[in-house]
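Note that my numbering has the sequence shown beginning at 1, numbered continuously upward. Where a beta carbon is used, it is the ideal one built from N, C-alpha and C, also for glycine. Data block below; observations after.
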Amino acid sequence: MSVVIRQAGIEEIFRLRLRLLRPTVPVEMHHFPGDADAPPQTYHFGAFVEAVNVGCASLMLNIWQGTPAYQLRGMAVEEAYRSHGIGSQLLTLVDQTVLTQTPIRTLWCNARVPAIRFYERNGWQVMSEVFNIEEVGPHKKMMKPLL
Numbered sequence: 001m002s003v004v005i006r007q008a009g010i011e012e013i014f015r016l017r018l019r020l021l022r023p024t025v026p027v028e029m030h031h032f033p034g035d036a037d038a039p040p041q042t043y044h045f046g047a048f049v050e051a052v053n054v055g056c057a058s059l060m061l062n063i064w065q066g067t068p069a070y071q072l073r074g075m076a077v078e079e080a081y082r083s084h085g086i087g088s089q090l091l092t093l094v095d096q097t098v099l100t101q102t103p104i105r106t107l108w109c110n111a112r113v114p115a116i117r118f119y120e121r122n123g124w125q126v127m128s129e130v131f132n133i134e135e136v137g138p139h140k141k142m143m144k145p146l147l
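The structure is reproduced here in structure tokens:
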């Protein structure tokens with residue numbers, strides 16, 4: 001299986017993100033603030049198998065504990081392609097992009113509880129107790145310092 005991991009346009013990843021992460025939310029309410037912004041405010045990433053989008057992630061410039069940071073949002077991999085390293089490859093490209101194209105050195109996210117071990121294996125740290133995001137479910141705040 002040949003997987004291409006690259007920066008992408010929101011139009012390339014939006015449908016997958018909506019279907020996997022928020023299928024009950026109306027389409028018009030699913031756009032995140034900053035989705036339409038260009039780098040360095042916002043970056044979108046996709047994983048593609050034979051030009052079909054099978055994974056996605058977005059970074060939005062935001063604040064973490066009073067300091068500029070990138071918030072990872074909309075991270076998802078199609079179920080049939082999980083456990084093949086695609087999510088980790090997306091996170092590697094996220095890290096490389098931030099390190100080489102911005103002065104920011106902190107990433108953070110609201111991680112779904114079932115995904116916490118995945119993020120920990122990729123160098124992220126849990127920073128909060130469990131909290132609920134309406135219509136999405138239980139999450140914990142996580143962060144990753146980039147060195």
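- Between the alpha carbons of residue 26 and residue 16 lies a distance of about 14 Å.
- In the three-state reduction of the DSSP assignment, residue 131 falls in the strand class.
- Taking residue 121 as reference, the option from 11, 143 and 4 with the minimal CA-CA separation is 143.
- With fewer than three CB-CB distances shorter than 8 Å, the segment 132 to 142 does not count as touching the segment 95 to 104.
- With respect to residue 76, residue 21 sits close: the two C-beta atoms are nearer than 8 Å.
- Between residue 55 and residue 90, the beta carbon gap of about 6 Å places them in contact (Cβ cut-off 8 Å).
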